[in-house]
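Protein chains: 2
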Amino acid sequence: MEKKQILLLPGPTPVPPAVLRAMGTPAIDHRGPEFRELLSEVTEGIKEIYQTQNDLLILTASGTGGMEAAVTNFLSPGEKALVVSIGAFGDRFERICRAYDVEPEVLTYEWGTAARAEDVAERLRRDTAGEIKAILVQHNETSTGVLNDLEAISRARGDHPALLIVDAISGLVAADLKTDAWGLDVVITGSQKAFMIPPGLAMLSVSQRAWEAAARCKNRRYYFDLQAAKEFFAKGQTPFTPAVSVFFGLREALKMLRAEGLAAAFARHRLYRDMIRAGVKALGLELLAPDEIASPAVTAVKTPAGLTPRDIRTPLREKYGVVTAGGQGKLSDSIFRFGHLGYVDPTDLVSALAALEMVLAEKGFSVSPGAGVAAAEAVWRRYLG
Amino acid sequence: MEKKQILLLPGPTPVPPAVLRAMGTPAIDHRGPEFRELLSEVTEGIKEIYQTQNDLLILTASGTGGMEAAVTNFLSPGEKALVVSIGAFGDRFERICRAYDVEPEVLTYEWGTAARAEDVAERLRRDTAGEIKAILVQHNETSTGVLNDLEAISRARGDHPALLIVDAISGLVAADLKTDAWGLDVVITGSQKAFMIPPGLAMLSVSQRAWEAAARCKNRRYYFDLQAAKEFFAKGQTPFTPAVSVFFGLREALKMLRAEGLAAAFARHRLYRDMIRAGVKALGLELLAPDEIASPAVTAVKTPAGLTPRDIRTPLREKYGVVTAGGQGKLSDSIFRFGHLGYVDPTDLVSALAALEMVLAEKGFSVSPGAGVAAAEAVWRRYLG
């Protein structure tokens, strides 16, 4: 029989049945009234989640396409960007800058740590000539499971004119992000994370200041041109044929998120984080990120000495149906990751911890069976009150 | 009650129920064994349709993303491309070239006519310095309903070293296209056309000569970098999270197309073309393209004097549920289009012609009711033999 899978990836995430059904809605005219209504409804729903009045555009692409759009629409060749990198996706911003002849100056942090707002403040203070045109930073760094303090980084910008461009692809909905209150000029996200829908769409919010920069920007772009997107959105269309099925799923998922409310969604993701972290610690394994900066969306676990990540991930998937992510880049041999965002249930995490106990026992580690699950249950009980 | 719609667009096209159901398949790990198998299966299926042994890559984007990839991976800034433009999508190739600092030299034809291979041959003969690095051309021009003679254009290239880059987004599966036999270096298509699946994926085949050009190419690209795609495809992955749901739909659709066979699919699309054209002519309306070059995928109809395209399209959609496309660019005030590709049935075309008869009669045109349908039936009977 086909094995039941518990998908604990930092995207794609499990998709609720109602959203899966909506994905099978028959085709419509993407230049007709049905799509115009659909686009308007999902745009408003996403803006609520973004906590913004800024323009909100949706591109048919994965999140990385959104990151590219955030570079090529706002930064010209030769201009300098301050890339705040705490992991693989910070490095991706750097690579996109280089690919488009933007000059990245990288503030690098050890993987597993968060960015320090005071470093950003200090660097901007030294930029008396105003050379830095944008700060590129992750909200949640997927590769390490670390949440940056965006509010502090926003304060650190002070009145420096640099745009603040945020990759919130894996963080949005899982953790608070106040686009307008924090003055975030461009915020990027993707469909296949805490939105609970399949991959295929990238979203970006764009502030008035960012549009002014876009008007001056000389970089090369066509498919990801946001000015064209803005013009088409004004008439209820997209410049190029959109992934309509994913829009149908998005509409369903946004109804669910609105019914839940943002505060409840954040609390739910904190529960996931705390359950997994308590369970893993109780089994004697080490976590990559310290508690204070731990991501509510994904948790990186250090592989115990003598084992590779594959030694744990392969039996988790093949014997127990628990699908985890490996490490990225320099962490690929030393960590594995539990994604816990979107349509995840506490029971999924309990199952995953039980499976982890089984695998560790099989590998000869001395674990007391049930210890991880018990620790997670304790967290869960406190949450239920 | 929600009105039944007959979707006759040149994409998105109607989606078969089995494909719609497949779109609702639960999420999988895009870096796991399930996706590796899925990617391998659909890649082989698409290569059969392309009639190619070349590499075949799939991007999460609409077709225009594929067109951009075909420019930015093979043409460097300052290099010259011969853009053969017979309509709006030829013009799009020109605009993408300009956006990426490639120099387009445009062979322009009146909209509604086909490219002349002898013009291409003549221009290349004069290019003794080998300045033209690529020929960009449409297989089927969606905006006018004209099919180019790609085989003749390929012969016209002779031994000139220019790459032959083909936008087959709306033509593939509807009309024959022999990638290898005709020496087509790059062929682009999209999911939402004759593949019968929703939008979200672009496909490209890449010849060995094109890879050699890519290795020298200095243009800016990141999300659409085909070398990265090739490396990831070799391990059964994509560089960035793919639109997995559309892949599920694609697998189903490819099974259907394989069961049908390519020759039968081409014949089926010729039937659609001939039915619509016979019906429209019988109603006294004029077609934009002459029979010899008429597209099997989409038919452009000239709006009768005294009416705008909207006068016909709006009642077709609102009263009869028949969804047609307007004209693009300079034809937007003078034509409307029936798309007839993918999961379309002869009965849909009969219904559309009946609805057109109703609308024309309402508008005071003297049509003999049933004349359009009768003409289409005659074609249909000949096809059934």
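Chains as they are written, first to last, in the numbering used here: chain D, 13 to 397; chain W, 13 to 397. No residue lacks a Cβ here, since even glycine has one placed at the ideal position from N, Cα and C. Computed from a predicted model, the values in this text were never measured in an experiment.
- Query: Start and end of the beta strand (DSSP E) containing residue 141 of chain W?
  - Reply: Unbroken run through residue 141 of chain W: none, as it is neither H nor E.
- Query: Hey, is the segment 305-313 of chain W in contact with the segment 347-357 of chain W, meaning 3+ C-beta pairs nearer than 8 Å?
  - Reply: yes
- Message: Tell me the residue span of the beta strand (DSSP E) that contains residue 38 of chain D.
- Response: Per DSSP, residue 38 of chain D belongs to no beta strand (DSSP E) and is neither H nor E.
- chain D contact residues for residue 204 of chain W, given Cβ-Cβ distances below 7 Å: 253
- Opposite residue 159 of chain W in the DSSP bridges: which residues? W/152
- Item | Chain-ordered residues of the segment 14-41 of chain W with a beta carbon less than 9 Å from chain D | 17, 19, 21, 23, 24, 25, 26, 27, 29, 31, 32, 33, 34, 35, 36, 37, 38, 39, 40, 41
- Item | Residues bridged to residue 202 of chain D [DSSP beta-bridge criterion] | D/214
- Any heavy atom of the ligand ADP closer than 7 Å to the Cβ of residue 181 of chain D? This structure simply doesn't include the ligand ADP, nor any ligand for that matter.
- Task: Could you work out which residue in W/64, W/175, W/293 is closest to residue 142 of chain W when comparing CA atoms only?
- Result: W/175
- Give the single residue among D/379, D/342, D/361, D/330 whose Cα lies nearest to the Cα of residue 15 of chain D. D/330
- Item | Spatial distance of residue 9 of chain D from residue 59 of chain D (CA atoms) | A question about residue 9 of chain D goes unanswered here, because the residues of chain D that appear run from 13 up to 397.
- Message: Strictly below 7 Å CB to CB, what residues from chain W border residue 232 of chain D?
- Response: 111, 112, 113, 232
- Query: Of the residues that make up the segment 208-233 of chain D, which ones have a beta carbon closer than 8 Å to any beta carbon in chain W?
  - Reply: 210, 211, 212, 231, 232, 233
- 6 Å CB neighbourhood of residue 290 of chain D in its chain, flanking five on each side removed: 387, 388, 391
- Do the segment 237-251 of chain D and the segment 24-34 of chain D touch if we need at least three Cβ pairs shorter than 8 Å? no
- Hey, residue 112 of chain W and residue 232 of chain D: beta-carbon distance below 8 Å or not? yes
- Message: So residue 97 of chain W and residue 121 of chain W are supposed to be a Cβ contact under 8 Å. How far apart are they, rounded?
- Response: 7 Å
- Query: At least one CB of chain D closer than 8 Å to the CB of residue 107 of chain W: is that the case?
  - Reply: yes
- Message: With three or more C-beta pairs closer than 8 Å as the rule, is the segment 198-213 of chain W touching the segment 366-383 of chain W?
- Response: no
- Query: Excluding sequence positions up to five away, which residues of its chain have a Cβ less than 7 Å from the Cβ of residue 185 of chain D?
  - Reply: 61, 206, 207, 269, 277
- Pull up the distance between the alpha-carbon of residue 182 of chain D and that of residue 218 of chain D, whole angstroms please. 18 Å
- Message: In the DSSP output, what is residue 314 of chain D paired with across the bridge?
- Response: D/347
- Straight-line CA distance for residue 48 of chain W to residue 262 of chain W? 15 Å
- Partner residues on chain W for residue 313 of chain D, Cβ-Cβ distance less than 7 Å: Residues of chain W passing the Cβ test: none, with the nearest at roughly 17 Å.
- Task: Could you list which residues in chain W have their beta carbon closer than 7 Å to that of residue 235 of chain D, in chain order?
- Result: 73, 76, 77, 80
- Task: Using only alpha-carbon positions, find the residue among W/358, W/178, W/19, W/130 that is nearest to residue 393 of chain W.
- Result: W/358
- Query: How many Å lie between residue 296 of chain D and residue 365 of chain D at the Cα?
  - Reply: 12 Å
- Message: Relative to the C-alpha of residue 177 of chain D, which candidate in D/188, D/162, D/264 has its C-alpha closest?
- Response: D/162
- How many Å lie between residue 45 of chain W and residue 154 of chain D at the Cα? 22 Å
- Message: Counting only Cβ pairs nearer than 9 Å, list the residues of chain D close to residue 334 of chain W.
- Response: Within chain D, no residue comes near residue 334 of chain W; the closest Cβ sits about 11 Å away, beyond 9 Å.
- Message: Let me confirm a value: residue 228 of chain D is counted as buried when at least 16 other C-beta atoms fall within 10 Å, else exposed. Which label applies?
- Response: exposed
- Query: My guess is that residue 156 of chain W and residue 202 of chain W are in contact by the Cβ rule of under 8 Å, so how many angstroms apart are they, rounded?
  - Reply: Not quite, the Cβ-Cβ distance comes to about 18 Å (not below 8 Å), so this is no contact.
- Query: Skipping 5 residues on each side, what residues in its chain have a beta carbon closer than 8 Å to that of residue 129 of chain W?
  - Reply: 161, 164, 165, 167, 168
- Message: What are the residues in the segment 50-64 of chain D lying within 7 Å of chain W by C-beta distance?
- Response: none
- Inter-residue Cα distance where the pair is residue 150 of chain W and residue 303 of chain W: 18 Å
- Taking residue 258 of chain W as the query, report the chain D residues whose CB atoms sit under 8 Å from its CB, ordered along the chain. 212, 255, 257
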